[in-house]
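Student: Below is a structure I'd like to ask you about.
Residue numbers (the numbering used here), protein chains in the order written: chain A, 1 to 429; chain B, 430 to 858.
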């Protein structure tokens with residue numbers, strides 16, 4: 001039976017919104033937002049969209065008017081009552097009231113701040129300026145809007161059955177990955193694919209397929225909206241933006257050298273257990289761990305997000321041993337550019353030696369390589385804090401191809417953090 | 430939005446009917462039915478289900494009660510007003526009023542006759558007895574009910590996403606076939622896959638995919654319900670049951686030898702143009718053509734339904750030349766066990782020399798090989814006239830593996846029709 005009301009409603013759609021909720025975002029953004037709201041609420045930051053895959057000329061593919069409509073729609077969103085109830089009442093990482101009443105009150109009143117959009121050389125220059133806790137919430141919606149508008153642009157004009165077969169192929173591909181993952185004994189894996197997903201509905205499909213196909217091995221999703229909708233765990237801890245902004249705010253080299261630890265000291269006060277996960281690579285993993293205070297070695301685990309992942313994990317294991325910790329009790333979360341083969345290899349290499357976990361991103365929610373020609377292949381789009389209180393931010397990471405910031409500042413950071421030769425790795429997604 | 434009425438209705442389903450219409454059948458059944466209704470209305474026949482793939486133990490897979498429910502449901506069907514209007518008013522093969530008023534009046538009042546069902550050795554013995562024009566209409570519903578109950582039995586207990594991926598794989602496979610067929614210049618192809626389809630909805634999907642993917646190269650479907658629903662051509666002419674029953678009714682060897690031509694003489698009176706298509710293989714193609722009257726060589730074309738198809742077409746071409754006909758004006762319809770590779774080869778070999786056309790059956794509507802293990806692979810199920818007025822029927826065909834009938838009668842037919850050595854070919858579907 002045709003639902004007449006739905007059809008008539010559809011006739012009158014102004015747009016088909018890509019982001020329909022303020023919690024269609026990564027869980028760690030909300031955790032970090034709360035931390036920033038408490039510790040650095042008045043910091044002024046600029047976030048900027050950066051397309052590392054310049055061959056994908058977004059401004060040629062996507063109509064500027066449509067992009068503005070979608071971004072304007074995001075600005076019209078506010079937290080719904082049900083979403084607020086879920087954030088206030090749900091148990092996250094085994095903890096009740098993860099989000100404090102003062103933060104929730106502020107979040108309930110929030111609308112995202114203005115954006116600045118220009119076209120240049122076939123790309124969009126999209127920036128957001130303002131108070132850190134507000135601006136930082138633009139990161140995920142900005143990325144998902146652009147990713148999905150790109151998908152829509154490519155899919156436009158395809159026939160109904162051609163489209164159905166395109167998705168049939170993508171579904172089959174994911175299912176074959178799931179069938180391989182199912183064979184890994186003791187696997188723990190989460191969806192980290194919000195930011196570079198093909199589209200919202202597709203991510204939601206992928207999550208459900210993982211739920212059915214992997215059962216308990218699938219431990220949750222980084223996406224709050226989908227976690228709420230599908231009644232599964234919301235997963236995530238913290239990201240590079242914290243040390244990057246803390247570092248930019250430093251007034252001296254000594255303060256700069258201490259900034260990454262300051263971030264984690266603030267985090268230590270707020271969180272315990274599985275939320276105490278170190279992200280060590282912002283200014284080089286080796287140096288960071290070497291100079292780390294002892295209390296950090298007591299933390300639950302580490303997240304490996306750049307560089308050679310096996311090497312990163314080995315460095316962490318050595319470090320724990322040096323500090324008298326038992327690595328087999330520690331959590332290692334791999335989250336950089338994963339696909340099934342790498343998951344299989346890393347699991348084989350580290351299961352038992354440490355507690356292994358995977359945050360699977362783009363190749364979970366956007367593996368459309370080779371479909372529609374290659375025009376739907378994922379690409380490397382990021383939205384980063386580029387300055388704080390007027391000073392540029394810097395990221396080095398364990399892969400020089402992921403480095404960011406003005407050249408002189410990059411050199412200064414390398415000196416302060418004692419980063420020597422780094423091995424470059426191709427950044428695909 | 431959930432359509433509440435639909436959901437509530439679904440709760441109360443007694444069964445989910447497989448056959449929902451008397452015209453969910455092959456077009457040629459209706460053409461033949463009308464011919465029989467006119468020429469042999471009082472012949473008493475028995476049709477019987479024969480599973481040539483004994484390894485598929487249908488009675489172990491399918492619950493007898495469910496089978497009876499489905500067959501009883503078929504007996505409850507009668508022609509709807511819209512279906513009747515379509516049969517009376519539509520143009521078939523360029524002709525208005527293909528179905529005569531007296532036939533339509535009879536058909537409008539028709540319910541299918543009783544069936545007889547028993548289990549034996551893991552198979553169902555399903556037979557239909559009665560007046561030929563009524564009993565013959567059981568063939569397709571009996572086959573589609575059993576095919577789909579087998580699919581349902583295998584699919585039972587699969588997860589939602591597992592199911593979706595199963596269909597995703599089947600869709601992808603068909604689409605890849607369509608993409609190959611699209612490259613054949615001048616292709617003409619129809620869906621002949623009703624009788625051995627995976628299921629009704631799947632056949633309907635396949636037809637729509639062919640419409641979108643092949644455009645004008647897809648000339649229609651043998652399924653009347655789908656032709657009506659999708660507003661495309663209904664395709665088909667006549668089948669082996671006519672010569673088989675006519676032959677069984679023959680009172681002498683001379684009458685027997687003449688029976689296949691009697692069938693076509695009756696057909697000649699009723700139809701012209703593209704409906705004048707010879708099906709020559711019932712008792713051996715070579716002998717049939719050698720002894721054929723001259724008026725038959727004027728017919729529009731020939732359908733090759735057993736034996737080596739290229740050889741069959743070459744025999745027809747030689748025959749037309751001997752009779753002074755121009756083969757390039759003649760239609761050759763290939764309809765036996767086709768898949769893409771064979772279609773490509775036959776088209777390459779015969780395009781230009783004759784007008785080539787394809788009736789694509791099981792590998793269009795039921796290519797689930799290798800999915801769900803191999804438990805959904807198509808198999809060779811037929812429902813045939815086994816006797817007429819108490820005498821057994823016989824089929825020889827150009828492939829001894831497709832022969833039917835009591836041994837002594839087969840020998841007699843071989844003698845009367847001068848059939849010598851035949852080359853056996855594996856019957857897969």
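C-beta atoms are modelled at their ideal positions from N, C-alpha and C, and glycine is treated no differently.
Confirm, please, whether the CB-CB distance from residue 147 of chain A to residue 197 of chain A is below 8 Å.
Tutor: yes
Student: Would you call the CB atoms of residue 25 of chain A and residue 224 of chain A closer than 8 Å?
Tutor: A contact, by the Cβ cut-off of 8 Å.
Student: Determine the direct distance from the alpha carbon of residue 135 of chain A to that of residue 64 of chain A, and round the result to whole angstroms.
Tutor: 21 Å
Student: Please report the straight-line C-alpha distance between residue 485 of chain B and residue 808 of chain B, rounded to a whole angstrom.
Tutor: 8 Å
Student: What are the boundary residues of the beta strand (DSSP E) that includes residue 384 of chain A?
Tutor: 381-388
Student: Taking 8 Å as the CB-CB cut-off, is residue 171 of chain A touching chain B?
Tutor: yes
Student: How about residue 778 of chain B and residue 739 of chain B: are their beta carbons less than 8 Å apart?
Tutor: Taking 8 Å as the cut-off, the Cβ atoms of residue 778 of chain B and residue 739 of chain B count as close.
Student: Bridge partners of residue 558 of chain B, per DSSP?
Tutor: Partner(s): B:475.
Student: Are the beta-carbon atoms belonging to residue 238 of chain A and residue 32 of chain A less than 8 Å from one another?
Tutor: A Cβ-Cβ contact shorter than 8 Å links residue 238 of chain A with residue 32 of chain A.
Student: Along chain B, in chain order, which residues have C-beta atoms closer than 8 Å to that of residue 212 of chain A?
Tutor: 588, 589, 590 and 591
Student: If you reduce the DSSP assignment to three classes, tell me which class residue 797 of chain B lands in.
Tutor: coil
Student: I'd like the span of the beta strand (DSSP E) that includes residue 331 of chain A, first residue to last.
Tutor: 331-334
Student: Residues of the region 623-638 of chain B in Cβ contact with chain A at a cutoff of 9 Å, in chain order, please.
Tutor: 634, 637 and 638
Student: Note down, in chain order, all residues in the region 438-470 of chain B with a beta-carbon under 7 Å from any beta-carbon belonging to chain C.
Tutor: Among the protein chains in the structure shown, which are A and B, there is no chain C.
Student: Going along the chain, which residues of its own chain have a beta-carbon closer than 7 Å to the beta-carbon of residue 142 of chain A, five neighbours each way excluded?
Tutor: So the list reads 49, 126 and 383, once near-sequence residues are dropped.
Student: Less than 8 Å between the C-beta atoms of residue 490 of chain B and residue 582 of chain B, yes or no?
Tutor: The beta carbons of residue 490 of chain B and residue 582 of chain B sit closer together than 8 Å.
Student: Taking C-beta pairs closer than 9 Å, name the residues in chain A that residue 858 of chain B reaches, listed in chain order.
Tutor: Here the premise fails: no neighbours, minimum Cβ distance about 23 Å.
Student: Hey, out of A:401, A:395 and A:366, whose CA is closest to residue 192 of chain A's CA?
Tutor: A:366
Student: Assuming residue 330 of chain A and residue 355 of chain A form a contact by the criterion Cβ under 8 Å, report the distance between their Cβ atoms to the nearest whole angstrom.
Tutor: 7 Å
Student: Closer than 7 Å between beta carbons: that is the criterion. Which residues of the region 672-697 of chain B meet it against chain A?
Tutor: none
Student: Under the three-state reduction of DSSP, which class applies to residue 507 of chain B: helix, strand or coil?
Tutor: Here residue 507 of chain B carries a coil assignment [DSSP, helix/strand/coil].
Student: For residue 294 of chain A and residue 288 of chain A, what's the separation of their Cα atoms in angstroms?
Tutor: 12 Å
Student: Using a Cβ cut-off of 7 Å, which residues of the region 486-513 of chain B contact any Cβ in chain A, in chain order?
Tutor: none
Student: Using a cut-off of 9 Å between C-beta atoms, extract the partners of residue 783 of chain B located in chain A.
Tutor: Neighbours of residue 783 of chain B on chain A: none; closest Cβ ~31 Å, over 9 Å.
Student: For residue 449 of chain B and residue 504 of chain B, which I take to be in contact (beta-carbon distance under 8 Å), what is that distance rounded to the nearest angstrom?
Tutor: About 13 Å; that fails the 8 Å criterion.
Student: Determine the burial state of residue 406 of chain A: buried for a count of at least 16 other Cβ atoms within 10 Å of its Cβ, exposed for fewer.
Tutor: It is exposed - the Cβ of residue 406 of chain A has fewer than 16 other Cβ atoms within 10 Å.
Student: Please name the residue or residues paired with residue 544 of chain B in a DSSP beta bridge.
Tutor: B:557.
Student: Pick helix, strand or coil for residue 205 of chain A, following the three-state DSSP scheme.
Tutor: helix
Student: How many Å lie between residue 352 of chain A and residue 328 of chain A at the Cα?
Tutor: 6 Å
Student: Distance check for residue 518 of chain B and residue 535 of chain B, CA to CA, integer angstroms please.
Tutor: 16 Å
Student: Name the chain B residues that come within less than 7 Å of residue 175 of chain A, Cβ to Cβ?
Tutor: 594
Student: Please list, in chain order, all residues of the same chain as residue 417 of chain A whose beta carbon is under 6 Å from its beta carbon, the five residues on each side excluded.
Tutor: 283, 284 and 287
Student: Between residue 303 of chain A and the ligand NAP, is the CB less than 7 Å from at least one heavy atom?
Tutor: Among the components modelled here there is no ligand, and therefore nothing to report on the ligand NAP.
Student: In chain B, which residues lie with their C-beta within 9 Å of the C-beta of residue 3 of chain A?
Tutor: 430, 431, 432 and 435
Student: Should the region 216-231 of chain A be called in touch with the region 387-397 of chain A, which here means at least 3 C-beta pairs below 8 Å?
Tutor: Contact between the region 216-231 of chain A and the region 387-397 of chain A is absent, with fewer than three C-beta pairs closer than 8 Å.
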